[in-house]
Each structure stands twice: as structure tokens, then as C-alpha cells.
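Every position in the sequence shown, counted from 1, becomes a number in this note's numbering once 54 is added.
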Amino acid sequence: MNFNVLLKTTGTVLFWESILMLPSLIIAIYDNSYDINGFLISIIVSGAIGLILKNIKSDVNDMRKREGYATVAICWLVMSIMGALPFYISGSIPSYIDALFETISGFTTTGASILQNIESMPRALLFWRSFTHWIGGMGVLVFTLALIPSIGGRTVFLMRAESSGPAPGKLVPKLSESSKILYIIYAVMTAIIVILLIIAGMPVFDSFIHAFGTAGTGGFSNKALSIGYYNNPSVDWIITIGMFLFGINFTLFFSILRRDWKNILKNEEFRLYCFYSFLGIMLIFLNVLPKFQFNYAEAIRHSAFTVSSLVSTTGYATTDFNLWPMFSKSILMTLMLFGSCAGSTAGGMKSIRVLILFKSILYEIKRTIHPSSVQTIKINNKSINDDTLKSILIFFTSYVMIIIIAIILVSLDNFDFMTTFSSVLAMVSNIGPGFSLVGPMGNFANFSNFSKIVLSACMILGRLELIPILILLSPANWKRH
55 MNFNVLLKTT GTVLFWESIL MLPSLIIAIY DNSYDINGFL ISIIVSGAIG LILKNIKSDV
115 NDMRKREGYA TVAICWLVMS IMGALPFYIS GSIPSYIDAL FETISGFTTT GASILQNIES
175 MPRALLFWRS FTHWIGGMGV LVFTLALIPS IGGRTVFLMR AESSGPAPGK LVPKLSESSK
235 ILYIIYAVMT AIIVILLIIA GMPVFDSFIH AFGTAGTGGF SNKALSIGYY NNPSVDWIIT
295 IGMFLFGINF TLFFSILRRD WKNILKNEEF RLYCFYSFLG IMLIFLNVLP KFQFNYAEAI
355 RHSAFTVSSL VSTTGYATTD FNLWPMFSKS ILMTLMLFGS CAGSTAGGMK SIRVLILFKS
415 ILYEIKRTIH PSSVQTIKIN NKSINDDTLK SILIFFTSYV MIIIIAIILV SLDNFDFMTT
475 FSSVLAMVSN IGPGFSLVGP MGNFANFSNF SKIVLSACMI LGRLELIPIL ILLSPANWKR
535 H
């Protein structure tokens, strides 16, 4: 393990985290709020540590795969630890465990909260809370690569470790240029959401908060009733479409810029994502229609919003879907597990893995019936090699095992099964709300500190898709070679 590379990269991330806290500090100063010291101290501490570490002599081009994965895991942990300081130092969240839970929920774009009186929080802290969604949505390491082209060519391992899905790649030959393109697309789409929400009648500050949550598919709101507070169909549809779009692989947006429509229409993952999203909307629409007194416009609006919110793992709500029929909740839970596309800001297993697993089952059935036939599993007319299939099976097995272990640990709090199961699934899939006590109108405040630590670990495991954290915990990884 090359510790200098790890420390230097961590220092760079911490330094930029201190810079990213500045807008929140400016808001605190403008409001003359009590949280000024919280941000000031946090900026100084993280900035100073970052400057010291980033000046350590090392060659980032010496980074190997295991260092890339371990570095990503360490950076996310340290970033969350420092990002929690403004909440804790200001006294807005007196428990550091709670502050850390809220911050990890923000950076991992989960959107689960322990806050019971959100609207009493200072605007600066609400801004930072939602801004962590935007930072974590595309990945803080991807952001760093976009800002610092000289950080090194071998850091493709950082991008691979932090990106979702089996096979992230470059859009253009230079990795830093790919990162810039991704963030430009991300920033432009976010700005469009902000403008549209303002036009729809949402206050400017609220528009930024909810645009960050939509873009990062995070779901933090500055209102206890989430998007339902506004009761504005235009706002609902803007965010519905926004959440759906941010669940799409960002390389497809790059294809739009190149007018490569053929690549988009033939993309099997995108087609599957569209298929089960629209199927979910229609099935739930028919199921909840009586609850909306057969008001078709209301039923389709809330059905589309809720499906888009949970399949993109955003977690916003316009209504309490916890009160919907079990059929609808079963569909929503399935969509929570599937998630959106690889290479998006969303969580879940990802459509590409679901597609490959489904094709693998069909492949085994055909091979059993016709053992002498030569067949391969193809996605977008490209054969899937055995290593990719193996990694997906390992991911799926690890995913299920972590959910089972976490459920057993969280069950010590003795909540009902639906609360316990859905809370773990919501954390690992980075969704936020679950069902029962952790539904869209509930929160995670009543869980014990132990359960909050377990659920926090689930959020990071889900965001980094297990492997970086598992590598970090492996003793063999820390031996010097």
C-alpha cells in the first residue's frame, strides 16, 4: 500500500471540501445566523489538514487498483466526518452520531434524516445539507479529477471505484476531460431545474435546495412535508421528469450532444429502465385510483412522482405512499431494489445488473436444453465476459448478505419487520424513506446510536457499491509491498 498516495489524495479532497463550505458560510454571514462559527471552524480545520496532506511528496501515477479503491473509501469516510462538523459545532444537531448520520446521508445521496423539526434549522445548514447531495451525486473524486487535470492518469482507478455500475469508462481519451464533461452536463441540468422551479412559483432558496436533491437524486428538503408542501402540479412534474432524467447513464447525455440517437435508442439498459419505470407508474396508477376518488390527473401525478422518486432513489414525496395498498408498496419496494442506470447519480442495484442477471438465467436455461450449442450473453451487441458475470454475481451475493446482516443488527431496536427491513433496504439502495415508521412522513430519529452507525455503514457501502469498503477492511490490503 502506497500510503503517501492515499494521504495526498485525501488531503486534496479535504481541501476542496473546505472550499465547498464557503457558500454556506456566506449564507450564514448574510443571515447573521448562530451557525457562522460552525462553518468557520470546519473550514479552517478541514482546509488546514487538507493543505498539509496534499503537499506530501508522492507520485499519484504510482496508484494501483487496490490503492484507488482504498483511497475512495477513506476519502468518503473522512469527508463525511469533517462535513458533519458544522451541524455539531453549531449545536443544531447536539449528537455527533446524529450529525454524522445526516452528513453521510447527504453525501451518499440517501436523503434519510434524523431531523424532526427541519424548518427551524438555519438556512446555511439547510443549504450545506442539500449541497452535499449535489457534491456526492456525481462523486467527490470525479469532481476533484475535473478540477485538477494534473492529478494523474492512473487515477482511472478512482473513477472506477467511485462510479456506479460494472464498467465505467472515459468519454474522451483524457480522464480529466471526461470528468469535466460529466460535471458540465450535471451543472447545466441542475441550473435548468432551478430556473424551471422558480418559474413554477417555488421560492429561489427552495428551488436551489430541491434542484440539488433532484440532481443528486438525494431527496433532502427544507420542508417537513417534502415536495407535498407546495401542492403545485407544475413543481411536481418538473421534479418527476428531473428525477427520471438523473437516473439515466450520463454517457447517454453525451451521446445526445453528439447527436448519436442510434446509440441511445439501442441502449438495452436505458430501455429496461424506461420499461419498468412506466410499467410501475401504470400499475400503481390503476391500484391507487380509488384512493384519489378516481381523479385521474391527481392519481397519475402522484403515481409518476412516487415511482420516479423511488426508482431514481431520490426519496422526495408528494403524498404519504405508506398509506397506499400493499400491491403498490410491493412494486415500489421492487423498484427500490432495482434502482436506475449505471453511470447515473442514482442508487440501487442498477438496471444493467438486473438485465445481465436476467439474461444469465435465460442463458443457463438454453444451455441446459441445448448443451452443445454455442451461445454468449450480449448487452448492446457486445459479449459479456466471464469476469464481468463473476463480478456481478459477487456483487449481488454481497448485496444480499449485507442486507441480511444489517437487518439482524438493526432488529435489536425491536421495531416492526417492515420498519426494520425497509430501513436497511432504503440505506443500502441510497433511497432515504422506507415504509412504516420510516415512511415519507417519518424519520430515523428513534433508532439507537448503534443502529444509526450500522445504517450509516449501509449508506456508504451502497454508494460505493461494496467493493471499496470491503477492500479497505481487508488486512492484506494494508501490507507494504
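Note that CB positions come from ideal geometry on N, CA and C, so glycine has one too.
Cβ contact annotation for Arg-407 (same chain, cutoff 6 angstroms, sequence separation greater than five): Ile-446, in chain order. Three or more beta-carbon pairs drawn from the stretch 289-298 and the stretch 356-368 are found closer than 8 angstroms, and the two stretches are therefore classed as touching.
Look at Lys-277 here: in three-state DSSP terms it is coil, with no helix or strand label. Collapsing the DSSP output to three states places Ile-431 in coil. Burial state of Asn-276 is buried, judged by a 10 Å Cβ sphere holding 16 or more other Cβ atoms.
Only exposed fits Leu-377, as fewer than 16 other CB atoms lie within 10 angstroms of its CB. Cβ-Cβ separation between Ser-184 and Phe-266: approximately 4 angstroms, consistent with a contact (criterion under 8 angstroms). Counting only residues of its own chain and dropping the five nearest sequence neighbours on each side, Ile-456 has a CB closer than 8 angstroms to the CB of Val-482, Cys-512, Leu-515, Leu-520. Within the model, the alpha-carbon separation for Gln-347 versus Thr-268 is close to 29 angstroms. With a beta-carbon spacing of about 18 angstroms, Phe-181 and Ile-168 fall beyond the 8 angstroms limit used to define contacts. Beta bridge pairing from DSSP links Ser-437 with Lys-432.
Nearest neighbour of Ser-394 by Cα position, chosen from Met-297, Leu-179, Gly-273, turns out to be Met-297.
Listed in chain order, the non-local C-beta contacts of Leu-68 below 6 angstroms within the same chain comprise Ser-100, Ile-103, Gly-104, local neighbours out to five positions each way being set aside.
Linking Asn-171 to Thr-157 through their CA atoms gives a straight-line distance of about 17 angstroms. Put simply, of Ile-73, Leu-74, Ser-72, Leu-94 the residue whose alpha carbon is nearest the alpha carbon of Ala-82 is Leu-94. A residue is called buried when at least 16 other Cβ atoms come within 10 angstroms of its Cβ; Asn-497 meets this threshold and is buried. Taking the Cα positions, Ile-151 is about 11 angstroms away from Val-508. Residue environment for Leu-466: exposed (fewer than 16 other C-beta atoms within 10 angstroms of its C-beta). When DSSP states are grouped into helix, strand and coil, Thr-66 belongs to the helix group. Pairing Tyr-417 with Ile-431 gives a Cβ-Cβ distance under 8 angstroms.
Using a 10 angstroms sphere on the CB of Ile-247, the tally of other CB atoms reaches 16 or more, which defines it as buried. For His-187, the enclosing alpha helix (DSSP H) has its first and last residue at 177-192.
Taking the Cβ atoms as the reference, Ile-485 lies roughly 7 angstroms from Gly-401, within the contact range of under 8 angstroms. Your pair Ile-147 and Phe-141 checks out as a contact, with CB atoms roughly 4 angstroms apart and the cut at 8 angstroms. Residue range 90-108 is occupied by the alpha helix (DSSP H) that includes Leu-105. Within the same chain, Phe-489, Ser-490 come within 7 angstroms of Met-472 by CB-CB distance, once the 5 residues on both sides are set aside. For Arg-325, the closest of Leu-409, Ala-245, Met-387 by C-alpha to C-alpha distance is Leu-409. The C-alpha of Phe-307 lies about 37 angstroms from the C-alpha of Ile-461. Membership of Ala-480 in the alpha helix (DSSP H) is indicated by the continuous run 471-482.
Taking 8 angstroms as the cut-off, the Cβ atoms of Ser-144 and Tyr-84 do not count as close. In this structure, the alpha-carbon of Lys-345 lies about 29 angstroms from that of Thr-164.
For the pair Leu-279 and Ile-458, the Cα-to-Cα distance works out to about 31 angstroms. With contacts defined as CB atoms closer than 8 angstroms, Gly-334 and Ile-385 qualify as a contacting pair. Distance between Met-175 and Leu-139, taken at the CA atoms: about 15 angstroms. If you look at Leu-491, you'll find it isn't in any alpha helix (DSSP H); DSSP assigns it neither H nor E.
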